[in-house]
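Single-structure report; data block below.
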Amino acid sequence: MAAPLVVGAAALLVLLLAGGTDTVDSAREDLGETGSAGAALALLLTLGLTAFGAPLQADVSGTYGWVGGTASVSVLAVPTGLTLVALAAACATAAPLLRGRSVRSRWTAAALTAACAGALAALVAALGRSSVEPDPETAVSFGAGWFAALVGAAVVAGAGATLGQAWQGRRPHLARLGVRVPTYVSRVLRSIGVGGLLVGALASVVIVVLAFVRGGVGGGVGTLVYLPTVVAAAFALGGLAPLHLALPQEVAGFPVPADIPRSFWLGDMPAWALLLVLLPLLATVAAATVLHVRGGRLPWSGAWLTPAALGVVAVLALALTQARGTLAASGLGVEADVTAALRLGWGVVPLALVWGVAVEAASRYVAPWLVAAFPALVRWIGTERPATAVAAPVAAGVPGAPADVPSQDAGTVTAAAGPAASAAAGAPVAPGHDAAAPAPRPAAPRRTIDPRKARRVVLGVVGAVVLVGLAVGARSVVNATVFGPEKVVARYAEALADGRPSAAFAVADPDVPSEQRDLLTDQFYADVEHRVTGADVRGASVSGDTATVEVVYDQDGAKASQTYTLTREGHRFGVFDSWTLQTPPVVTVDLSAYVLDPSLESYAVNGVERTTADAGFVLHLLPGAYEVTVPEQPLLESASLSFTVGADGSTEGLESTDVDQALLGYWPADETLRTAEEQARAHLDGCMASTEVEVPDCFFEAWVWDDDVRDVTWSLDDEPQLEASVDTATSVIVHVSATASMTGLDPADPDSSWDSDQEVTSDAWVDYYVPFTIEDGELVQGEPAEQYPGSATDW
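Sequential numbering from 63 applies to the sequence shown in our numbering.
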């Protein structure tokens, strides 16, 4: 009885080791130098235990500086591919080793196998928990839940051993286990199993091939590990059921983005995904054909069994295919308790009931035509190797099943023929049955369908389906290659790279006022330097009626990306999607922060003049290099404002808005300041030529006792200080400072002690301001002032 456990465990271990070499190697790298081979092997065994439904658990603790933190993670994502391998291994080893034993011994062996497998899995989970330290400040411990491993391994091993002992011929016979299933129930289950397995096997091959082609070895192996889950999701989506993603509203106080889709429907996927509808359709036809051949003419009163069976299958799929993860973390000022799950939607259960009704209907109205068109289906479906007869009473049929349909037995063929056939075959006859009893009455004859007519109808339907499939495929190809969101963005990006804004704006309007589009014309943009020269349109991400497309531009030897948003608005030609590019990003630059004089009347962008009365100081620009200048004025100078607009919407050269960066406008030129100083010196020289004691124009005077001093002469003691400064954009003020000396004659005064003219001298401080304004291209001197007469304080 322990042989199935030993052989099955060995087979599963070999599979894990054969397929887990890369896992061990990557685990060693992830665990760092401190991660030993033992820890890597423990991780591999832990991942193997998840095949039995045991969650992967990890605890992380560490310190970062003076702050510590802990986190606990639990992930449940059953690798159903490995689960299926373990089930098959247990089934394959139990079939030959326990054949021919009694019913009781078979159940006892299955129970012991389940107990041993559960105990072994729990022991491995308990002892296999490992701890590593990737760095001195971090510790990680991981393992699998032992109780879940115990229950899951017991269920998988017990189910596999039970099926293996019941297996005979091409399928299991539950009568070998003493279980009596009504014949019609058996036929329903067989029809569902045959249809699902045939189509599922075909879908599995296609999915695995695509996974290896598109995802390489890693993608292919990952798909194999979760293959039953992937196939179940494909069946669910094809059957019009959704996938649900359950996310929390917030994580550690931060809201989860609302634009993350919570449900995935067939309509949310690429157009080629419509082919998934073929999976439930083909499975329905296959199951209906098997049910028709095996079941004969059946009343509708028994049609509830197929929907009920599919409903049970849907509930099991809900439980086995979901992925769930939890995170509890604390530390670093953050507290988080997060749970997320990806699962089939509950809508899969009622949809399974609907598909079950479809199977019953197809068994009555579609399958007869298929059987009439292809009689070989009857031989293939209806022929099986006779099973060994086992004495058993005939179980009662289910309500609605025909009276001539007996219950399932290990010897289905002989039991169906009645006790007389059993006796003729040498099989024992159940007590209470007469070996000479007549066989059950035959079923009512079926309606005859002309094979040739049936073949024409079936081939016509198949041809129509193929044509529809080709039409859908052609529509998908044309829709993706001609009308897809990438193509709309490609037309815009290529026109932009070619320097044709008008063609780009024909795809999507930039929503810019017409009077401000002078910098968005083909003529202007053709002369802009450092434009984008190439565009690489990446794939589209579609969510409902919204799509986003990323474009990577080449600009001046660098790469810059931009993301465009599109909305699906109706259809073109009634068939193809019509995608509308939302307002494309046009960079807006406001020059107000870079203007010296708000009264500036005009300026030029790359040589194109603009008036502030019409366009203001707002620029709408496409990627490229731009230079803003003002017209030349006599006696004035200005500086240009240069910047580059990136394809990603950035503006290089306009990072600062300080007054030191405000360069757009006018101010007096240096030569104008020198001219003002010369004119101020001429004014001072005029003052020095005065013969008066007091010189009012220059705001200085001599200190003498009498005001009637004559023959006054003034002279400068040293070179005067003349300092011209900018007052406003059109005014200059020259500060004049110097020391002067006066000499003169004080007339004789008969009443005084001197009777002749006396020479007198005096010093004077010269300090005043001379303003100048620039009018009509000329420098005009204003009235000197003793105090600073300007309006500006910091230039």
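Glycine included, every Cβ here is placed at the ideal spot set by N, Cα and C. Quick caveat, the model's predicted, so the values are computed rather than measured.
Host alpha helix (DSSP H) of Val421 (start-end):
410-427 is the span of the alpha helix (DSSP H), which, as asked, contains Val421.
Tell me which residues share the same chain as Gly844 and place their Cβ nearer than 6 Å to its Cβ, disregarding the 5 neighbours each side in the sequence.
For Gly844, where only same-chain residues beyond five positions count, the Cβ hits under 6 Å are Pro833.
Give the straight-line distance between the Cα atoms of Val51 and Ala542, rounded to the nearest whole angstrom.
What the structure shows of the chain is the stretch from 63 to 857, and residue 51 is not part of that stretch, so it cannot be assessed.
Thr691 by DSSP, collapsed to three states: which one?
Strand.
On the DSSP letters alone, give me the boundaries of the beta strand (DSSP E) that Glu612 sits inside.
Element bounds for Glu612: 608-617.
Beta-carbon separation of Ala303 and Thr285 under 9 Å?
Ala303 places its beta carbon 9 Å or farther from that of Thr285.
On the three-state DSSP scale, how would you describe Arg405?
In the structure shown, Arg405 sits in a strand (DSSP, three-state: E or B).
Pick from Ala438, Lys549, Phe635, Leu581: whose alpha carbon is nearest that of Ala609?
Comparing C-alpha distances from Ala609 to each of Ala438, Lys549, Phe635, Leu581 shows the shortest one belongs to Lys549.
Thinking just about the alpha-carbon of each residue, which of Ala370, Val822, Ala786 is nearest to the one in Trp729?
A check of alpha carbon separations from Trp729 across Ala370, Val822, Ala786 identifies Ala786 as the nearest.
Please go through the stretch 545-587 and give each complete beta strand (DSSP E) segment of 3 or more residues, from N-terminal end onward.
Runs of the beta strand (DSSP E) inside the stretch 545-587: none found.
Measuring straight from C-alpha to C-alpha, what distance separates Gly82 and Ala295?
Interpretation of Gly82 is limited by its pLDDT of 41, a score under 50 that renders its predicted location unreliable; the figure taken from the coordinates is listed afterwards. Rounded to the nearest angstrom, the gap between the Cα atoms of Gly82 and Ala295 is 25 Å.
Proximity below 9 Å, CB of Val842 to CB of Ile836:
Remark: C-beta atoms of Val842 and Ile836 approach each other more closely than 9 Å.
Work out the CA separation of Val419 and Ala365 for me, nearest whole Å.
Each residue's alpha carbon lies about 7 Å from the other.
Going by C-alpha distance, which of Leu305, Arg233, Val268 is nearest Ser289?
According to the sequence shown, residue 289 is Leu rather than Ser. Residue Val268 is the option with its Cα nearest to Leu289.
Could you check how far apart the C-beta atoms of Leu653 and Val599 are, in whole angstroms? I think they sit under 8 Å.
Not quite, the Cβ-Cβ distance comes to about 33 Å (not below 8 Å), so this is no contact.
If we call anything under 9 Å between Cβ atoms a contact, is Ser824 one with Ser803?
For Ser824 and Ser803, yes; Cβs fall inside 9 Å.
Work out the CA separation of Thr175 and Leu149 for me, nearest whole Å.
Straight-line Cα distance between these residues: approximately 12 Å.
What is the residue span of the alpha helix (DSSP H) that Glu740 lies within?
For Glu740, the enclosing alpha helix (DSSP H) has its first and last residue at 732-750.
Would you mind giving the Cβ-Cβ distance between Gly131 and Ala201, rounded to the nearest angstrom? I have them listed as a contact below 8 Å.
That belief does not hold up - the Cβ atoms of Gly131 and Ala201 are roughly 12 Å apart, past 8 Å.
Extent of the continuous alpha helix (DSSP H) to which Ala786 belongs
Annotation: Ala786 is outside any alpha helix (DSSP H); the continuous beta strand (DSSP E) that includes it extends over 783-790.
In angstroms with no decimal places, state the Cα-to-Cα distance between Pro685 and Val604.
Going by the C-alpha atoms only, they are around 27 Å apart.
Measure how close the beta-carbons of Leu353 and Val421 come, nearest whole angstrom, since I'm counting them as under 8 Å.
Confirmed, Cβ separation roughly 7 Å.
Own chain residues within Cβ distance below 6 Å of Leu380, not counting five before or after:
Taken in chain order, the residues that qualify are Leu406.
Check each candidate in Gln820, Leu432, Ala557 and name the one with the smallest Cα separation from Asp770.
Proximity to Asp770 across Gln820, Leu432, Ala557 peaks at Gln820, based on C-alpha coordinates.
Taking Cβ to Cβ, would you say Thr805 is nearer than 9 Å to Asp780?
Not in contact: Thr805 and Asp780 (Cβ atoms no closer than 9 Å).
Relative to the alpha-carbon of Gly207, which residue among Ala113, Ser799, Ala223 has its alpha-carbon at the smallest distance?
That would be Ala113, whose Cα lies nearest to the Cα of Gly207.
Tell me which same chain residues have a C-beta within less than 6 Å of the C-beta of Ser193, skipping the five on either side of it?
Closer than 6 Å at the Cβ level, and outside the excluded window around Ser193, lie Ser203.
Within 10 Å of its beta-carbon, does His235 have 16 or more other beta-carbons around it, so buried, or fewer, so exposed?
Classification for His235: buried.
Residue closest to Asp616, alpha-carbon to alpha-carbon, out of Ala187, Asp710, Val551, Gln783
That would be Asp710, whose Cα lies nearest to the Cα of Asp616.
On the DSSP bridge assignment, give the partners of Tyr831 in chain order.
In the DSSP output, where bridge partners are listed per residue, Tyr831 has His797, Ala847.
Phe297 (DSSP reduced to helix, strand or coil):
The answer is helix: DSSP assigns Phe297 an H, G or I state.
What residue from Asp580, Leu698, Asp607 has the CA that sits closest to Glu671's CA?
Cα-wise, what sits closest to Glu671 is Asp580.
Short check: CB of Thr351 to CB of Ala429, under 9 Å?
The answer is yes: Cβ separation under 9 Å.
Is the Cβ-Cβ distance between Ala216 and Ala183 less than 9 Å?
At a Cβ-Cβ threshold of 9 Å, Ala216 and Ala183 count as neighbours.
Is it buried or exposed, Asp639, if we count other Cβ atoms within 10 angstroms and call 16 or more buried?
Buried.
Using 8 Å as the threshold, is the stretch 626-637 in touch with the stretch 740-751, meaning 3 or more CB pairs across them?
Look at the beta carbons and you see the stretch 626-637 not touching the stretch 740-751: under three pairs across the two are nearer than 8 Å.
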